[in-house]
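Presented below is the structure to which this report refers.
Protein chains in written order, with this note's numbering: chain A, 13 to 96; chain B, 13 to 96; chain C, 13 to 96; chain D, 13 to 96; chain E, 13 to 96.
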């Protein structure tokens, strides 16, 4: 998984019917790259999150797997020590 | 998923029978890399899109999964704020 | 798989119910990139480990596959020669 | 998928029985990286091709999926405009 | 797949029961990155090999797929021309 920070969201009216309703957020991973991830948790800008990528993201959805390859699986507690 | 801009298309007459009919477009992701993605939405040059990659792209097709590893799942609304 | 060193852990109270209980550790792979990986082995800071990534990590879990894309599958013996 | 140019081939006598008979070609993707891909189309050196990677490449084969993670799915027509 | 050279091996006594018995070798791919790959072929240091990565590596094993994401599928013949 990747540690990332939420930096924005994308709006898409013209999209495949199979894209599930909900937020697609833009995140910046700690190394600097940016991804779009589906957000089932209601996260906000600046929030630190954990991203799972690949087919495991699609498999999380109930029913037929949607074409989603990145999923926010958790929000990182603010009091997580940065290095253990 | 990746945010990308459509920059071209590829034409392939000599190809596997299992490649579904339709457009394969070249896209440039925001970080600069280029990919080829299947386009079920009829997108055009310069359009900003959302790309899903990996086996979730193939799984989107009805019937046996084709050898397609990147899919345009949506077009980004022009009025999406660039940073939220 | 990737050779990596454990550098920390992340705590996440707000997370998907499908994330399995257990530790999610931050690891630094030898090339310098950082990942988060599920740890079923009880590893500690500084320990050298082997990381499997992608859907094979999720498939390791019993029952429905969780949205986990990186798994510590082993700890590297301290007496492993660095080059064979 | 990736746009690539065929730059060579590899010969492997000592290999897993499950590697399907046929050519494994070395290709250079436009960004410069090199991959090995299975070629069902009979492509030649210098030919421009489309490469699909990951499990979708293995799933293309009839019967049990072989340990193949990159497949040439098409040859790019010479008259494809480089930018559309 | 990736062309790589075997540079070492890792020993892991503390590991998941589901990691299959056999060698896990460290390989350096031609671009310089290093990976760990399962070796069913009995390869040695300096040998040039073909690596398949991702879920296709796990799917090669008989029975339940182990958490293995890279597999040596062949050894490159010494007389392979470097460029065709």
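In this text, a Cβ means the ideal position worked out from N, Cα and C, and glycines have one as well.
Have a look at the options and flag the residue whose alpha-carbon is nearest the alpha-carbon of residue i.
i: residue 31/C; options: 45/A, 79/A, 90/A, 73/A; result: 73/A
i: residue 75/B; options: 46/D, 71/D, 66/D, 57/D; result: 71/D
i: residue 28/E; options: 28/C, 84/C, 45/C; result: 84/C
i: residue 25/A; options: 18/A, 19/A, 33/A; result: 33/A
i: residue 17/D; options: 23/D, 52/D, 56/D; result: 56/D
I'd like the list of long-range same chain contacts for residue i, defined as Cβ closer than 7 Å, with 5 residues on each side in sequence excluded.
i: residue 21/D; result: 35, 36, 37, 38
i: residue 78/C; result: 30, 31, 32, 70
i: residue 53/A; result: 84, 87
i: residue 40/C; result: 16, 17, 19, 46
i: residue 23/D; result: none
i: residue 89/C; result: none
According to DSSP, is residue i helix, strand or coil?
i: residue 43/A; result: coil
i: residue 67/B; result: helix
i: residue 57/C; result: coil
i: residue 20/E; result: strand
i: residue 26/B; result: coil
i: residue 90/B; result: coil
i: residue 15/C; result: strand
i: residue 73/E; result: coil
i: residue 79/B; result: coil
i: residue 62/D; result: strand
On the CB-based measure, 16 or more other CB atoms within 10 Å of its CB, does residue i come out buried or exposed?
i: residue 59/E; result: buried
i: residue 86/D; result: buried
i: residue 91/E; result: exposed
i: residue 82/E; result: buried
i: residue 66/D; result: buried
Leaving out the 5 sequence neighbours to the left and right, which residues in its chain are closer than 6 Å to residue i when beta-carbon positions are compared?
i: residue 42/D; result: 15
i: residue 62/B; result: 13, 85, 86
i: residue 80/C; result: 50, 69, 70
i: residue 64/D; result: 13, 83, 85
In terms of residue numbering, what span does the beta strand (DSSP E) encompassing residue i cover?
i: residue 83/E; result: 82 to 87
Near residue i, what residues of its chain come up, given a Cβ to Cβ distance below 8 Å and the 5 sequence neighbours on each side ignored?
i: residue 48/E; result: 22, 36, 37, 38, 39, 82
i: residue 44/C; result: none
Any heavy atom of the ligand PLP inside 7 Å of the beta-carbon of residue i?
i: residue 45/A; result: Questions concerning the ligand PLP fall outside what the structure shown contains, since it holds no ligand whatsoever.
**Report entry** Within 7 Å of chain F by C-beta, residues of the stretch 75 to 88 of chain A in sequence order
**Finding:** This model lacks chain F altogether; the protein chains it does include are A, B, C, D and E.
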